[in-house]
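The structure appears right after this line, and notes come after that.
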Amino acid sequence: MDGSEGRSCIDLLDALPRQRFVPGPTPVEHGPVLPGGARLWVKRDDLTGLGGGGNKARKLEYLCADAIAHGAKALVTVGAAQSNHCRMTAAAGAVLGLEVHLVLSGESPEVTEGNQVLSELFGAQMHFTGADHSHWGELEIARESVADQLEAEGLSPYSIPIGGSTAVGALGYARAMVELVEQCDAMGVQPKAVVHTTSSGGTHAGLVAGRALLRAAGIGVPDVIGIGVAKGVNMGRPDVAALARDALALIGASDVHVDEADVVVDARWMGIDYAVPTPEADDAIRWAARSGGWVLDRVYSGKGLSGLIGRAESGEWGPRDHIVFIHTGGLPSVFARGGAPSIA
Ligand SMILES: Cc1ncc(COP(=O)(O)O)c(C=O)c1O
1235 MDGSEGRSCI
1245 DLLDALPRQR
1255 FVPGPTPVEH
1265 GPVLPGGARL
1275 WVKRDDLTGL
1285 GGGGNKARKL
1295 EYLCADAIAH
1305 GAKALVTVGA
1315 AQSNHCRMTA
1325 AAGAVLGLEV
1335 HLVLSGESPE
1345 VTEGNQVLSE
1355 LFGAQMHFTG
1365 ADHSHWGELE
1375 IARESVADQL
1385 EAEGLSPYSI
1395 PIGGSTAVGA
1405 LGYARAMVEL
1415 VEQCDAMGVQ
1425 PKAVVHTTSS
1435 GGTHAGLVAG
1445 RALLRAAGIG
1455 VPDVIGIGVA
1465 KGVNMGRPDV
1475 AALARDALAL
1485 IGASDVHVDE
1495 ADVVVDARWM
1505 GIDYAVPTPE
1515 ADDAIRWAAR
1525 SGGWVLDRVY
1535 SGKGLSGLIG
1545 RAESGEWGPR
1555 DHIVFIHTGG
1565 LPSVFARGGA
1575 PSIA
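Rendered as structure tokens:
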């Protein structure tokens, strides 16, 4: 890779406006040897900046630029009670001087914890629906009704679906994929696989779109593997591929091919449900904390790393392989009740 191929991908990704929240490329850190002998690398997207950091900063760069282009005066979004996406949208609104409304699962708590403490601090208005986090349809209807109300008040709200997983939002991770492959190339590393946690599918779709762009430019690309931590939403294989294609279409790259086989979702590591801790994730959280000082959470990144370790244990990769884990964040929920594993 001589730089010009990566540059041509970035030029395409510059076709849409972007509100800068992430100061520069996030670090790629050297990790320990995995079971089976492969080398682990950690892409620190928990260090994106913006209200405590995490994967949503990259999606919000494109989403907020779109909101501003549409003349929005308010952002509305939706998520589970401890949503990182909602917390980071609250921070984005604070940076841009936009009113932020968060539609959340569950009842209004007596004491706010974790991500909610920060959302409140950033000045967001929280609307507790009483709905269970698995009732996405109910939550999305509540988001639409808050948006309608703000529209009637003349605030031209920009309404963001769960996880910011639209084609516009996914472009943030197409860009991250190009950034990562360029960083690896500069280090002389050719990763075999890029593993990340997937839930609403926007991060995954973006990585798949970025990979397709790089491949079309003649660059060798790693496998992209999503470790699924939620039922339904956009976790299904066809939806992620469709979202990736929609993202490519937005930047005039509809001719870049995304195959269904490009989307790999491994849903074996969720346990019984979204946000229900698993022993494997708790082990992965302790291992990451003690191997590299990395802080993972029990809902997302801990389960994601448990999937990576599980796949390594099954002999999928050998001593010559380099595997990148994208650390998508989640630190604030560690400070919510039940957010940290016991210290074994
Ligand atoms: C810490 C963390 N990791 C991963 C994800 C999954 O990202 P996506 O919703 O784009 O699939 C989320 C989503 O909320 C998250 O907060």
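So for the sequence shown, the numbering used here puts the first residue at 1235; every next one is plus one. The beta carbon of each residue, even a glycine, is placed where N, CA and C say it ideally should be. Computed from a prediction, not measured in an experiment: that's the story for all the values here.
Check, Outcome
"CB of Ile1560 within 9 angstroms of CB of Asn1289, strictly", "yes"
"Minimum Cβ-Cβ distance from Ser1399 to chain C less than 9 angstroms", "As a matter of chain content, chain C is missing from the structure shown, which is built from one protein chain."
"Backbone CA spacing between Lys1537 and Lys1277 [nearest angstrom]", "16 angstroms"
"CB-CB length for His1369 against Ala1315, believed under 8 angstroms", "The pair is not a contact, with the Cβ atoms about 13 angstroms apart (cut-off 8 angstroms)."
"Sequence-distant residues of its chain with Cβ nearer than 6 angstroms to Val1498 (five each side left out)", "Ile1459"
"Rounded separation between Trp1521 and Lys1465 - CA only", "26 angstroms"
"His1367 CB to nearest heavy atom of ligand 1 below 8 angstroms", "no"
"Beta bridge counterpart(s) of Gln1359 as assigned by DSSP", "His1335"
"Reference Ile1557; option with closest CA among Glu1354, Ser1242, Cys1243 and Leu1414", "Leu1414"
"Close beta carbons around Gly1544, own chain, < 8 angstroms, minus the five adjacent residues each side", "Arg1502, Trp1503 and Glu1514"
"3-residue-minimum beta strand (DSSP E) runs that sit fully inside the stretch 1526-1565, ordered along the chain", "1556-1561"
"Cβ neighbours of Thr1363 in the same chain (closer than 8 angstroms, five flanking residues each side left out)", "Val1337, Leu1338, Ser1339, Gly1340, Glu1372, Leu1373 and Ala1376"
"Separation of Thr1311 from Ala1518, as counted between CA atoms", "30 angstroms"
"Among Val1380, Val1492, Ala1272 and Glu1263, the one whose alpha carbon lies nearest that of Leu1448", "Val1492"
"Beta-carbon spacing of Asp1555, Ala1427 below 9 angstroms", "yes"
"Nearest residue (CA-CA) to Ser1390, options Asp1507, Arg1241, Glu1378 and His1264", "Glu1378"
"Close Cβ partners of Leu1268 (< 6 angstroms) along its chain, the five nearest in sequence each way excluded", "Leu1274 and Ala1546"
"Burial state of Pro1575 (16 or more Cβ within 10 Å)", "buried"
"Span separating the alpha-carbon of Asp1280 from that of Thr1437", "13 angstroms"
"Closest by C-alpha distance to Cys1418, when choosing among Gly1270, Ser1548, Leu1484 and Thr1260", "Thr1260"
"Whether Lys1293 touches Gly1406 by CB criterion (9 angstroms)", "yes"
"Near ligand 1: Ser1433 beta-carbon under 8 angstroms from a heavy atom", "yes"
"Cβ-heavy atom distance, Lys1277 to ligand 1, below 8 angstroms", "no"
"Closest Cα partner of Met1322 within the set Ala1487, Val1412 and Gly1357", "Gly1357"
"Complete alpha helix (DSSP H) runs within the stretch 1392-1462 (minimum length 4 residues, chain order)", "1401-1421 and 1436-1450"
"Any non-hydrogen atom of ligand 1 closer than 8 angstroms to Asp1496 Cβ", "no"
"Reduced DSSP secondary structure (H/G/I, E/B, other) of Trp1521", "helix"
"Val1412 beta carbon near ligand 1 (any heavy atom closer than 8 angstroms)", "no"
"Residue closest to Leu1330, alpha-carbon to alpha-carbon, out of Glu1416, Pro1395, Phe1255 and Gly1398", "Phe1255"
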